[in-house]
Amino acid sequence: MFRSPCPLPALILWCRALRHGLDVGLSPVRVFRQQAKSGPAVFRPVAERMADRLDDGDSISDALKPEAWRFPVLFVELIAVGEQAGRLPVIFQELEQHYEAVRDAQRKFISALVYPAMMYVGAIGVLTLLILVLGSMSGVNGKPIDALGLGLVGAGGAFLFLFYATGFTIFVLGTLFIVSRNPNAKAAAEAYGLKIPGLAPVVRAFALHRFSMAAHMTIEAGLKADRVLKSSLRATANKAYQAEGDRAAKLARKGKEIVETLSKLGPTLFPDAFVQAVAIGEESGRLAEVMLKEAEIYREESIRGMKVLARIVSGLVYAVIGILVIVCIFRVFNTAYMGQIQQGLDAADDHNKWLRGG
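So, in structure tokens, the structure goes:
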């Protein structure tokens with residue numbers, strides 16, 4: 001089932017409003033009643049339903065459960081933890097900062113792709129025009145010039161090229177859109193991203209940032225190690241991590257320390273540097289503080305990773321454009337220039353044969 005994710009700007013405003021309301025001592029019912037009237041438009045019906053459930057005696061986390069599919073996993077997990085620990089204002093502040101960082105990273109990523117996208121569209125237009133113009137010209141063999149060597153010539157070939165190029169672009173963008181709208185597909189895509197060189201560090205940084213945030217809050221709330229691990233792994237919104245939740249919780253219930261459990265999950269999920277930081281935190285009795293620091297480190301690393309990813313995508317776009325241009329130049333050169341030379345050589349050869357025969 002495809003579900004529309006809540007827009008980040010609205011979620012940031014909602015976290016801020018809920019934090020302020022709870023921080024000044026308003027009751028949860030009153031806070032959500034206010035949001036039902038004056039909060040972000042997309043969340044007003046949600047706030048109204050949650051206020052009704054709170055009025056019936058539900059906790060905030062219980063009132064949120066029927067609406068949980070609308071929100072990121074991290075949001076739902078941390079609210080449950082924050083309510084149990086009595087630190088909801090702090091949780092909403094952390095979530096606000098987290099989603100602001102995510103929004104900024106997305107904006108920078110998109111802005112970095114604007115110029116390559118313009119180049120891509122321009123290249124398709126130029127190649128379409130070349131196919132149209134060169135296809136109306138005859139080569140040395142009397143046939144229309146095939147600019148790309150794909151059998152696309154003239155107006156018909158130009159139309160087919162434009163049709164296929166547009167279709168391919170729509171397919172790629174549509175696939176990305178659908179994946180981003182389906183939490184399960186997105187979690188599976190992020191898990192697959194861990195297997196792709198160049199992309200894996202970026203995906204891992206986002207997952208470890210979410211894990212560290214959730215671990216910090218759950219440890220601060222006084223949860224046992226098994227619940228800390230299971231909740232934090234689920235909060236990563238990455239299937240590769242979520243799949244290890246039960247195993248990690250089982251190891252923790254057997255008495256394994258958190259650092260030992262994480263090391264057993266492997267370096268693909270938890271690199272040595274992260275495991276060593278956890279070890280220091282457990283040995284010093286300051287694991288919650290260490291997790292908060294790791295969350296900040298991986299938030300910065302994920303932002304840097306998005307910049308690297310933007311450069312990789314830009315490089316791929318430039319490579320595709322370059323290959324198409326080189327092929328086109330080679331085909332034109334081979335047809336228009338080398339063809340004439342070959343024709344001249346053939347004519348000279350025929351003349352020599354005629355002289356010998358004479």
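Every letter in the sequence shown is one number past the one before it in full-length UniProt numbering, and letter 234, counting from 1, is 234.
Yeah, the Cβ is synthetic: ideal placement off N, Cα and C, and Gly gets one too.
By the criterion of a C-beta distance shorter than 8 Å, LYS186 is surrounded in its chain by VAL179, SER180, ALA237, once the five residues flanking it on both sides are discounted. Shortest Cα-Cα distance from THR175 to any of ALA165, ALA189, PHE163, GLY193 involves ALA189.
Rounded to whole angstroms, the separation of the alpha carbons of TYR115 and PRO66 is 42 Å. DSSP places ALA68 outside any alpha helix (DSSP H), giving it a letter other than H or E.
Secondary structure at VAL202: helix, using DSSP grouped into helix, strand and coil.
Burial of ARG234 is indicated by the presence of at least 16 other C-beta atoms within 10 angstroms of its C-beta. Contact between the segment 213 to 227 and the segment 247 to 257 is present, with at least three C-beta pairs closer than 8 Å. Counting the other CB atoms within 10 Å of its CB gives TRP69 a total below 16, which places it among the exposed residues.
Taking 8 Å as the cut-off, the beta carbon of ALA295 is found no closer than this to the beta carbon of SER232. Taking each of LEU287, ALA240, PRO267, VAL313 in turn and checking the Cα distance to GLU257, the smallest one comes out for LEU287. Boundaries of the alpha helix (DSSP H) around CYS15: 8 to 23. For the pair ALA123 and ILE280, the CB atoms are not nearer than the 8 Å cut-off. In the displayed model, PHE32 falls within a helix according to three-state DSSP. CA-to-CA, the gap between GLY157 and LEU324 works out to about 16 Å.
If the five residues before and after MET306 are omitted, its C-beta is found closer than 7 Å to the C-beta atoms of ALA105, LYS108, PHE109, VAL202, all from its own chain and listed in chain order. ASP52: member of the alpha helix (DSSP H) spanning 44 to 55, first to last residue. Bounds of any alpha helix (DSSP H) do not take in ARG286, whose DSSP letter is neither H nor E. Inter-residue distance for GLU220 and THR166 is about 52 Å (C-alpha atoms, whole angstroms).
A check of alpha carbon separations from GLU96 across TYR192, PRO9, PHE206, GLN276 identifies PRO9 as the nearest. CA-CA distance, SER263 to ALA85, rounds to 28 Å.
A direct Cα-Cα distance of roughly 17 Å separates CYS6 from ALA63.
Each of LYS293, ALA207, MET119 was checked against the Cα of TYR318, and the nearest Cα belongs to MET119. Just so you know, the alpha carbons of ALA47 and GLY255 end up roughly 41 Å apart.
Given a length threshold of 4 residues, each whole run of the alpha helix (DSSP H) inside the segment 260 to 313 is given here in chain order: 272 to 284. In this structure, DSSP gives THR236 a state outside helix and strand, which the three-state scheme calls coil.
For SER59, there is no enclosing alpha helix (DSSP H), as DSSP gives it neither H nor E. Here ALA36 is not near SER61, since their CB atoms are 8 Å or more apart.
The beta carbon of ILE131 sits closer than 6 Å to those of ALA147, LEU152, GLY157, ALA158, PHE161, all from its chain and outside the five residues before and after it, given in chain order.
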